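Each remark here refers to the structure printed beneath this line.
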Amino acid sequence: MPADRLLNTLLQYYQDVHDDPKSEQILGTTVHLLTHLSNPLNLGVLTSQLLTAPAIWQRPGFDLSHALRVVSIYNTAALRVRQDAAEALEKKKNNNTSGGFLPPPPTQERESGGLKPDDWARAVVKGADDRSARWQHLLVLTGVLIGFEGNDRRTLSRSLRNTLQQAVVVAANLALRSHAEDGPLAEAAIVMALNYAFPLLSPHHQAQLDCDVLLPVMLWAMLREGCGDGLFLQDIARDVTQTVGGGGGGGCSWPQHAPSFAMLVELDRRPVMSNMGPLAKMAAFAATHAKDTSVVLQAQEDLVLFSHKLLDAWAKNRLSGVEYGLASAQLSPETLEATWPVLWQVLRKIMFGVVATLQAIVARSLLDPRMLHEAVAPGVAAKSLQILRNICFISSVNGNDAFQVYTFTYLTSLDVICRSGAACEKFLSDFRPADGLAVPSAHLQRTLDLYYLNAAEHMPLSLTTEAADALIIKPATSYLGFDGVMSPTMSHIFESAHSAVLSVLSCPQHSALTIQLAPFYIVKLFESFPHHISPRQFRVAFKTVIQMVSPPFQIAAQEPLLGETLLEMLLQHIAIASTVPLAPDEATQAAATESGETLQSPQSALVLALIDALPFLPLPLVEEWMAIAAQTLNAIADPRLRRPVKERFWDILINGEMDVERSAIGVAWWGTKGGRELVLNGGAGPAEQPMMSGALMTTESKL
Numbered sequence: 001m002p003a004d005r006l007l008n009t010l011l012q013y014y015q016d017v018h019d020d021p022k023s024e025q026i027l028g029t030t031v032h033l034l035t036h037l038s039n040p041l042n043l044g045v046l047t048s049q050l051l052t053a054p055a056i057w058q059r060p061g062f063d064l065s066h067a068l069r070v071v072s073i074y075n076t077a078a079l080r081v082r083q084d085a086a087e088a089l090e091k092k093k094n095n096n097t098s099g100g101f102l103p104p105p106p107t108q109e110r111e112s113g114g115l116k117p118d119d120w121a122r123a124v125v126k127g128a129d130d131r132s133a134r135w136q137h138l139l140v141l142t143g144v145l146i147g148f149e150g151n152d153r154r155t156l157s158r159s160l161r162n163t164l165q166q167a168v169v170v171a172a173n174l175a176l177r178s179h180a181e182d183g184p185l186a187e188a189a190i191v192m193a194l195n196y197a198f199p200l201l202s203p204h205h206q207a208q209l210d211c212d213v214l215l216p217v218m219l220w221a222m223l224r225e226g227c228g229d230g231l232f233l234q235d236i237a238r239d240v241t242q243t244v245g246g247g248g249g250g251g252c253s254w255p256q257h258a259p260s261f262a263m264l265v266e267l268d269r270r271p272v273m274s275n276m277g278p279l280a281k282m283a284a285f286a287a288t289h290a291k292d293t294s295v296v297l298q299a300q301e302d303l304v305l306f307s308h309k310l311l312d313a314w315a316k317n318r319l320s321g322v323e324y325g326l327a328s329a330q331l332s333p334e335t336l337e338a339t340w341p342v343l344w345q346v347l348r349k350i351m352f353g354v355v356a357t358l359q360a361i362v363a364r365s366l367l368d369p370r371m372l373h374e375a376v377a378p379g380v381a382a383k384s385l386q387i388l389r390n391i392c393f394i395s396s397v398n399g400n401d402a403f404q405v406y407t408f409t410y411l412t413s414l415d416v417i418c419r420s421g422a423a424c425e426k427f428l429s430d431f432r433p434a435d436g437l438a439v440p441s442a443h444l445q446r447t448l449d450l451y452y453l454n455a456a457e458h459m460p461l462s463l464t465t466e467a468a469d470a471l472i473i474k475p476a477t478s479y480l481g482f483d484g485v486m487s488p489t490m491s492h493i494f495e496s497a498h499s500a501v502l503s504v505l506s507c508p509q510h511s512a513l514t515i516q517l518a519p520f521y522i523v524k525l526f527e528s529f530p531h532h533i534s535p536r537q538f539r540v541a542f543k544t545v546i547q548m549v550s551p552p553f554q555i556a557a558q559e560p561l562l563g564e565t566l567l568e569m570l571l572q573h574i575a576i577a578s579t580v581p582l583a584p585d586e587a588t589q590a591a592a593t594e595s596g597e598t599l600q601s602p603q604s605a606l607v608l609a610l611i612d613a614l615p616f617l618p619l620p621l622v623e624e625w626m627a628i629a630a631q632t633l634n635a636i637a638d639p640r641l642r643r644p645v646k647e648r649f650w651d652i653l654i655n656g657e658m659d660v661e662r663s664a665i666g667v668a669w670w671g672t673k674g675g676r677e678l679v680l681n682g683g684a685g686p687a688e689q690p691m692m693s694g695a696l697m698t699t700e701s702k703l
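Just so we're aligned: 80 in UniProt numbering is position 80 of the sequence shown, and the numbers increase by one with no gaps anywhere.
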């Protein structure tokens with residue numbers, strides 16, 4: 001059928017609503033006509049009629065995916081027009097180089113409208129008139145821009161390319177201003193169209209987007225349209241059941257045929273969720289370039305509210321009690337292999353989207369004068385940390401937080417909040433673990449406590465001694481006394497609890513607390529080693545405590561015997577420590593490899609801790625404890641274990657860890673006071689009385 005007659009027929013079909021097969025046929029015919037019409041006026045009429053056609057916009061079940069088909073229609077048509085123009089140009093070149101002889105006609109040649117890309121684009125754009133909405137215009141313009149300029153194709157002339165980019169920006173800004181009247185579908189369509197067009201816009205045109213309006217619409221699309229406010233977790237909770245059996249007494253089952261799983265798969269396939277990464281980048285751009293600071297602050301409030309809903313929904317789900325590293329023992333096989341991975345794939349997308357947007361807000365808070373104000377900055381940092389806390393059940397799993405954007409957001413927020421002691425105290429008070437001696441049994445609560453301890457570790461310098469005791473020491477102490485089964489999460493919490501306590505002990509202004517806490521903490525440290533903490537962790541902890549109770553810190557003057565008392569405690573444990581080499585787990589082995597450590601026993605690790613403490617001892621004690629360290633070194637029977645300890649002793653003497661005065665004592669002890677013989681030979685040799693040469697005659701028998 002000729003193109004003009006087919007156009008009249010298609011326009012008649014546009015006026016009615018059809019079933020899905022007929023609707024798909026209409027869309028295919030539309031693409032065909034867009035590439036075959038040769039009259040620019042007809043192209044404009046076709047576009048104008050399409051943007052108001054009931055067959056397109058009122059079809060049953062019309063949703064975002066159907067709206068985005070308009071982008072696909074014009075993208076496909078533009079690609080074909082570009083291809084036809086390239087083939088025509090190639091054919092013309094071949095004719096010019098054939099020496100006057102025409103090549104044989106092809107057996108089959110596809111007909112086309114014959115319009116050049118610039119002419120075709122102008123004709124289509126003219127069809128986006130006042131009869132249709134601005135957000136519909138944006139769909140058409142985006143499709144044309146992608147088809148001609150996507151993947152660095154550079155099909156249009158420079159002037160028309162700039163004109164088309166400007167048209168996209170103008171249509172987007174006008175659509176954003178009327179999004180409330182156009183409805184949620186229009187908002188989602190605007191966001192997705194901009195998502196496709198944004199990478200193709202020049203920086204000049206990107207800067208013209210109205211980010212004050214774009215940012216809230218972006219967050220609405222990402223958090224509500226894309227993630228459903230996290231309520232899908234509540235639907236999943238209704239389908240999760242507890243099974244009986246297995247060595248652990250049972251587990252969670254979330255079958256593949258559950259309605260909530262089908263809903264989750266559908267959610268993951270939706271345009272917004274499947275494009276969460278690019279959408280987050282555009283949201284970050286909007287947060288960075290918004291002119292109104294209050295819009296950015298409201299965006300952070302939206303992230304706080306969403307993350308709270310997400311955490312609350314997860315807490316009500318039985319799957320929140322499953323530790324990721326132990327999932328094989330706590331889930332049914334079907335859940336572990338089919339539904340569990342899909343759930344975490346969706347959760348990771350949500351986390352990356354939230355963190356990428358939050359990072360832009362945090363970065364802006366370092367430059368925006370209104371956000372830098374001392375009355376605003378601590379609150380912004382506290383809310384950022386609260387958002388990260390609410391999603392820590394995702395970020396703490398399988399290294400999900402090991403990317404630069406998360407690290408910047410987390411550490412920058414900590415740096416800002418630590419400038420205000422009141423803000424630190426309020427943040428810790430709001431999220432302080434519940435009082436009690438018992439460690440919480442719920443995995444989610446342990447995960448939240450882990451985040452709390454990790455954050456609290458950075459704040460002792462900003463807190464009063466009373467606040468540090470109540471908000472850091474007491475919550476950490478409940479985990480220091482834990483003697484149950486050490487799961488992967490509990491191992492991380494245990495290490496974080498030690499780090500939190502050490503961070504308080506390392507603050508000179510908390511010396512009164514250090515005097516009370518140091519003996520108790522050292523006892524807990526010995527009780528924990530080697531079953532709950534590694535040799536490396538023990539050495540760092542003991543060295544830190546010794547350093548804080550030694551000169552020049554004030555506590556050394558208040559309690560001059562405390563440091564030597566702790567060393568005596570260490571010496572007693574060395575005498576009874578096991579000499580059997582430790583078999584490190586994977587994490588400990590990786591840390592040992594990274595730090596260059598070798599095989600160790602509990603005994604040799606304690607001796608290494610004693611040697612590590614030597615550079616911090618008061619001057620009168622240095623020589624005495626060097627000799628004691630050398631004696632304990634030689635008490636290690638296994639040469640494989642003794643060799644690295646001896647090398648560490650030499651390293652202490654020569655690598656500059658000791659200051660000038662202690663180094664002088666060490667040199668004198670090594671050279672003239674028997675240190676060398678004690679370390680190298682263990683002081684072994686025949687026991688002889690000191691005497692002058694020739695003073696006594698040799699004993700001879702007179703018989």
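Idealized CB from N, CA, C, for every residue including glycine. Quick caveat: nothing in here was measured; it's all calculated off a predicted structure.
Locate the alpha helix (DSSP H) running through residue i, then write down its first and last residues.
{"i": "Gln359", "result": "Trp340 to Ser365"}
{"i": "Cys252", "result": "Cys252 -> not in any alpha helix (DSSP H); beta strand (DSSP E) instead, spanning Gly251 to Ser253."}
{"i": "Thr243", "result": "Note, Thr243: premise wrong, no alpha helix (DSSP H); beta strand (DSSP E) at Thr241 to Thr243."}
{"i": "Glu225", "result": "Counting along the chain, Glu225 falls outside any alpha helix (DSSP H), and DSSP gives it neither H nor E."}
{"i": "His32", "result": "Asp20 to His36"}
{"i": "Leu145", "result": "Arg134 to Glu149"}
{"i": "Gly671", "result": "Val660 to Thr672"}
{"i": "Pro639", "result": "Pro639 to Ile654"}
{"i": "Gly44", "result": "Pro40 to Leu50"}
{"i": "Phe393", "result": "Cys392 to Ser395"}
{"i": "Asp212", "result": "Cys211 to Leu219"}
{"i": "Ile472", "result": "Looking at the DSSP string, Ile472 is not in any alpha helix (DSSP H), and its letter there is neither H nor E."}
{"i": "Gln603", "result": "Pro602 to Ala613"}
{"i": "Pro620", "result": "Leu619 to Asn634"}
{"i": "Lys126", "result": "Pro117 to Lys126"}
{"i": "Val168", "result": "Arg158 to Arg177"}
{"i": "Leu201", "result": "Element bounds for Leu201: n/a, residue is neither H nor E."}
{"i": "Gln58", "result": "Note, Gln58: premise wrong, no alpha helix (DSSP H); not H, not E."}
{"i": "Leu461", "result": "Per DSSP, Leu461 belongs to no alpha helix (DSSP H) and is neither H nor E."}
{"i": "Glu677", "result": "Gly675 to Leu680"}
Whose C-alpha, out of the options, is nearest the C-alpha of residue i?
{"i": "Ser319", "options": "Leu6, Phe393 and Leu678", "result": "According to the sequence as given, residue 319 is Leu; it is not Ser. Nearest option by C-alpha distance: Phe393."}
{"i": "Glu266", "options": "Leu566, Gln58, Ser491 and Ser65", "result": "Ser65"}
{"i": "Arg270", "options": "Leu174, Ala67 and Ala375", "result": "Ala67"}
{"i": "Phe62", "options": "Gln166, Phe427 and Ala189", "result": "Ala189"}
{"i": "Asp182", "options": "Ala133, Leu145 and Asp212", "result": "Ala133"}
{"i": "Lys383", "options": "Gln298, Arg370 and Lys349", "result": "Gln298"}
{"i": "Pro433", "options": "Glu466, Thr412, Ala422 and Ser478", "result": "Ser478"}
{"i": "Asp129", "options": "Arg154, Leu51, Thr464 and Ile473", "result": "Leu51"}
{"i": "Gln600", "options": "Leu619, Arg640 and Ala193", "result": "Arg640"}
{"i": "Ser413", "options": "Asn681, Leu366 and His179", "result": "Leu366"}
{"i": "Leu680", "options": "Leu145, Met658 and Thr632", "result": "Thr632"}
Check your understanding: Is there contact between the segment 255 to 263 and the segment 298 to 307, where contact requires at least three CB pairs shorter than 8 Å?
Key -> Flag = no, the segment 255 to 263 and the segment 298 to 307 do not touch.
Review point. Is it a yes or a no for the segment 313 to 333 touching the segment 226 to 244, going by three-plus beta-carbon pairs under 8 Å?
Key: Contact between the segment 313 to 333 and the segment 226 to 244 is present, because at least three Cβ pairs lie under 8 Å.
Review point. What residue ranges within the segment 414 to 458 form continuous beta strand (DSSP E) runs of no fewer than 3 residues, ordered along the chain?
Key: Runs found: none.
Point to revise | Those runs of the alpha helix (DSSP H) which lie wholly inside the segment 255 to 343 and span at least 4 residues | key: The DSSP assignment places 259 to 269, 271 to 274, 276 to 289, 293 to 315 and 327 to 330 as complete runs of the alpha helix (DSSP H) inside the segment 255 to 343, in order along the chain (cut-off: 4 residues).
Review point. Does the segment 345 to 364 come close enough to the segment 518 to 535 to have 3 or more Cβ pairs within less than 8 Å?
Key: Output reads no: the segment 518 to 535 does not touch the segment 345 to 364.
Exercise for review: Enumerate, from N- to C-terminal direction, the unbroken alpha helix (DSSP H) stretches of 4 or more residues contained entirely within the segment 503 to 578.
Suggested key: Taking only runs of at least 4 residues, the alpha helix (DSSP H) segments lying wholly in the segment 503 to 578 are 511 to 528, 535 to 548, 554 to 558 and 562 to 576.
Check your understanding: Counting pairs of Cβ atoms below 8 Å between the segment 605 to 621 and the segment 538 to 545, do you hit three or more?
Key -> As far as the Cβ criterion goes, the segment 605 to 621 touches the segment 538 to 545, which means the pair count is three or higher.
Practice item. Evaluate contact between the segment 322 to 342 and the segment 402 to 421, counting only Cβ atoms and requiring at least three cross-stretch pairs below 8 Å. Key: Inter-segment contact for the segment 322 to 342 and the segment 402 to 421 is absent: fewer than three beta-carbon pairs are separated by less than 8 Å.
Check your understanding: Does the segment 351 to 359 come close enough to the segment 379 to 393 that 3 or more CB-CB pairs lie under 8 Å?
Key -> Yes, since at least three Cβ pairs between the segment 379 to 393 and the segment 351 to 359 fall closer than 8 Å, the two stretches touch.
Check your understanding: Are three or more beta carbon pairs between the segment 432 to 446 and the segment 397 to 411 nearer than 8 Å?
Key -> Counting C-beta pairs with one atom in each stretch, the segment 432 to 446 and the segment 397 to 411 have fewer than three that are closer than 8 Å, which means they do not touch.
Check your understanding: For the segment 617 to 625 against the segment 637 to 657, are there 3 or more C-beta pairs whose distance is under 8 Å?
Key -> No: the two stretches stay apart, fewer than three of their Cβ pairs being nearer than 8 Å.
Review point. Touching or not, the segment 212 to 230 and the segment 158 to 170, by the rule of three or more beta carbon pairs under 8 Å?
Key: They do not touch, by the three-pair rule.
Exercise for review: May I ask you to verify whether the segment 42 to 61 touches the segment 5 to 19, counting CB pairs closer than 8 Å and requiring at least 3?
Suggested key: Counting Cβ pairs under 8 Å, three or more are found: they touch.
Check your understanding: Looking at C-beta atoms only, is the number of pairs between the segment 450 to 461 and the segment 472 to 489 that lie closer than 8 Å three or more?
Key -> Contact between the segment 450 to 461 and the segment 472 to 489 is present, because at least three Cβ pairs lie under 8 Å.
Review point. Counting Cβ pairs closer than 8 Å, one from the segment 152 to 162 and one from the segment 116 to 128, do we hit at least three?
Key: By the criterion of at least three beta-carbon pairs nearer than 8 Å, the segment 152 to 162 is in contact with the segment 116 to 128.
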